[in-house]
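Residue numbers (our numbering): 860 to 977. Backbone N, C-alpha and C define an ideal beta-carbon position, used for all residues, glycine too. Heads up: the structure comes next, in structure tokens.
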């Protein structure tokens with residue numbers, strides 16, 4: 860059996876891979892933040908699938924309070940599996956499998972102590 864065809868949950872990321880994902884997520888966050896600050900967010904579309912991504916997010920996480928996200932809700936075994944299944948639905952997007960950087964508290968600035976890498 861080819862190693863790449865094995866289930867993802869059989870693999871554990873080493874620290875360097877996690878760090879590289881975090882760096883890429885921060886790079887994307889900076890670009891998106893600059894866009895959000897320069898364009899009316901109601902008029903901004905980051906992908907042709909923005910509405911579908913949001914609707915699918917709400918179907919998969921109907922009770923998740925995005926104003927204050929608890930890291931444990933997304934990083935538990937069940938949370939990781941649920942997040943992975945959600946993200947996999949968008950595998951047609953180039954960067955669908957990159958780490959996702961979230962603000963833990965949406966009322967606060969993006970800072971290391973207010974960021975969750977999923």
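Bridge-paired residues (DSSP) for residue i
i, result
"residue 964", "927"
"residue 975", "961"
Secondary structure of residue i, DSSP reduced to three states
i, result
"residue 952", "coil"
"residue 943", "helix"
"residue 932", "helix"
Span of the alpha helix (DSSP H) around residue i
i, result
"residue 887", "874–897"
"residue 916", "909–919"
Presumed contact (8 angstroms Cβ cut-off) between residue i and residue j, rounded CB distance
i, j, result
"residue 927", "residue 963", "7 angstroms"
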